[in-house]
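In this note's numbering, the protein residues as written are 677 to 803.
For each residue, glycine too, the CB sits at the ideal point set by N, CA and C.
Have a look at the structure below before the remarks.
Now the structure itself:
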(Lines of atoms letter the chains of each structure in order from A; the text may use other names.)
(Lines give C-alpha, C1' and ligand atoms only; values in the text may rest on other atoms or scores of the structure.)
Protein backbone atom coordinates (compact mmCIF):
# COMPACT_ATOMS: atom_id res chain seq x y z
CA UNK A 677 0.00 0.00 0.00
CA UNK A 678 1.24 3.49 -0.82
CA UNK A 679 1.30 5.80 2.18
CA UNK A 680 -0.59 9.04 1.58
CA UNK A 681 -1.30 12.07 3.70
CA UNK A 682 -5.01 11.84 4.57
CA UNK A 683 -5.64 15.19 6.25
CA UNK A 684 -3.97 18.01 8.10
CA UNK A 685 -5.32 20.68 10.41
CA UNK A 686 -5.18 24.29 9.27
CA UNK A 687 -5.36 26.58 12.31
CA UNK A 688 -7.22 29.81 11.63
CA UNK A 689 -9.06 32.72 13.20
CA UNK A 690 -12.29 32.09 11.25
CA UNK A 691 -12.59 28.53 9.95
CA UNK A 692 -15.65 29.26 7.81
CA UNK A 693 -14.05 32.23 6.01
CA UNK A 694 -10.75 30.39 5.61
CA UNK A 695 -12.34 27.26 4.13
CA UNK A 696 -14.39 29.43 1.77
CA UNK A 697 -11.27 31.26 0.53
CA UNK A 698 -9.43 28.02 -0.24
CA UNK A 699 -12.47 26.69 -2.10
CA UNK A 700 -12.83 29.91 -4.12
CA UNK A 701 -9.14 30.12 -4.99
CA UNK A 702 -8.22 26.50 -5.60
CA UNK A 703 -11.60 25.02 -6.49
CA UNK A 704 -11.44 22.57 -3.57
CA UNK A 705 -14.61 20.76 -2.56
CA UNK A 706 -16.33 22.08 0.57
CA UNK A 707 -17.44 19.08 2.66
CA UNK A 708 -18.66 20.99 5.73
CA UNK A 709 -18.65 20.31 9.45
CA UNK A 710 -16.98 17.29 10.97
CA UNK A 711 -16.56 17.38 14.73
CA UNK A 712 -15.22 20.90 15.39
CA UNK A 713 -13.62 21.26 11.96
CA UNK A 714 -14.68 22.59 8.57
CA UNK A 715 -13.43 20.02 6.07
CA UNK A 716 -12.33 20.79 2.52
CA UNK A 717 -11.34 18.06 0.04
CA UNK A 718 -8.16 18.84 -1.90
CA UNK A 719 -8.10 15.59 -3.93
CA UNK A 720 -8.96 11.89 -3.62
CA UNK A 721 -6.56 11.36 -0.70
CA UNK A 722 -6.19 14.69 1.11
CA UNK A 723 -8.51 16.92 3.13
CA UNK A 724 -7.77 20.15 4.98
CA UNK A 725 -9.48 20.43 8.37
CA UNK A 726 -9.90 24.10 9.31
CA UNK A 727 -9.99 24.73 13.06
CA UNK A 728 -10.50 27.98 14.98
CA UNK A 729 -7.63 28.94 17.24
CA UNK A 730 -6.77 32.12 19.11
CA UNK A 731 -3.00 31.72 18.62
CA UNK A 732 -0.94 29.71 16.16
CA UNK A 733 2.23 29.88 14.12
CA UNK A 734 2.15 30.53 10.40
CA UNK A 735 2.29 27.35 8.32
CA UNK A 736 3.38 26.73 4.74
CA UNK A 737 1.19 24.78 2.32
CA UNK A 738 2.44 24.07 -1.21
CA UNK A 739 0.14 22.83 -3.97
CA UNK A 740 1.39 21.39 -7.24
CA UNK A 741 -0.94 22.25 -10.12
CA UNK A 742 -1.04 21.88 -13.90
CA UNK A 743 -0.21 24.82 -16.16
CA UNK A 744 -3.93 25.33 -16.90
CA UNK A 745 -4.83 25.17 -13.20
CA UNK A 746 -2.08 27.70 -12.48
CA UNK A 747 -3.64 30.15 -14.93
CA UNK A 748 -7.13 29.66 -13.50
CA UNK A 749 -6.09 29.89 -9.84
CA UNK A 750 -3.75 32.83 -10.50
CA UNK A 751 -6.62 34.74 -12.12
CA UNK A 752 -8.77 34.10 -9.03
CA UNK A 753 -5.89 35.14 -6.78
CA UNK A 754 -5.67 38.45 -8.64
CA UNK A 755 -9.47 38.88 -8.53
CA UNK A 756 -9.29 38.49 -4.72
CA UNK A 757 -6.70 41.33 -4.79
CA UNK A 758 -4.24 39.27 -2.73
CA UNK A 759 -0.58 40.25 -2.80
CA UNK A 760 1.70 37.59 -4.24
CA UNK A 761 5.36 37.06 -4.95
CA UNK A 762 8.10 34.94 -6.44
CA UNK A 763 9.53 33.41 -3.27
CA UNK A 764 8.91 32.75 0.41
CA UNK A 765 10.89 35.83 1.40
CA UNK A 766 9.37 37.86 -1.43
CA UNK A 767 5.70 36.98 -1.08
CA UNK A 768 4.55 40.49 -2.01
CA UNK A 769 6.81 41.54 -4.92
CA UNK A 770 3.92 40.96 -7.36
CA UNK A 771 5.92 38.63 -9.65
CA UNK A 772 5.91 34.88 -10.21
CA UNK A 773 8.95 32.60 -10.53
CA UNK A 774 9.95 30.25 -13.32
CA UNK A 775 11.92 27.74 -11.27
CA UNK A 776 12.75 24.29 -12.65
CA UNK A 777 11.10 25.02 -15.99
CA UNK A 778 7.71 25.74 -14.47
CA UNK A 779 5.93 28.58 -12.71
CA UNK A 780 5.41 29.30 -9.05
CA UNK A 781 3.87 31.90 -6.79
CA UNK A 782 3.62 32.54 -3.06
CA UNK A 783 0.89 34.40 -1.17
CA UNK A 784 -0.58 34.66 2.31
CA UNK A 785 -4.10 33.79 3.39
CA UNK A 786 -6.03 35.86 5.94
CA UNK A 787 -4.38 33.89 8.78
CA UNK A 788 -0.81 34.59 7.68
CA UNK A 789 -0.22 31.09 6.30
CA UNK A 790 2.17 31.13 3.36
CA UNK A 791 0.62 29.34 0.39
CA UNK A 792 2.62 28.21 -2.61
CA UNK A 793 1.42 27.12 -6.02
CA UNK A 794 3.92 25.46 -8.39
CA UNK A 795 3.79 23.65 -11.71
CA UNK A 796 7.16 21.84 -11.57
CA UNK A 797 8.71 19.78 -8.77
CA UNK A 798 11.88 21.00 -7.10
CA UNK A 799 15.01 19.37 -8.45
CA UNK A 800 16.87 17.88 -5.54
CA UNK A 801 20.65 17.59 -5.82
CA UNK A 802 22.01 14.03 -5.81
CA UNK A 803 22.99 12.72 -2.39
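Item, Value
"Where residue 789 falls, given that 16 or more other Cβ within 10 Å makes a residue buried", "buried"
"Beta-carbon proximity check, residue 722 vs residue 774, cutoff 8 Å", "no"
"Neighbourhood of residue 706 by C-beta distance below 7 Å, restricted to the same chain and skipping five residues each side", "695, 699 and 716"
"Cα-Cα separation between residue 770 and residue 750, rounded to whole angstroms", "12 Å"
"Minimum C-alpha distance to residue 685 - residue among 776, 802, 772 and 711", "711"
"Alpha helix (DSSP H) segment containing residue 693, residue limits", "691 to 702"
"Check whether residue 714 and residue 726 have beta carbons under 8 Å apart", "yes"
"C-alpha distance - residue 794 paired with residue 691, whole-angstrom precision", "25 Å"
"Nonlocal neighbours in the same chain, by C-beta distance under 7 Å from residue 718, ignoring five residues either side", "704 and 724"
"Closest by C-alpha distance to residue 740, when choosing among 758, 680 and 780", "780"
"Beta-carbon proximity of residue 811 to residue 766, cut-off 8 Å", "Here the chain covers residues 677 to 803 and nothing more, so residue 811 does not appear."
"Reference residue 689, options 720, 745 and 730, closest by Cα", "730"
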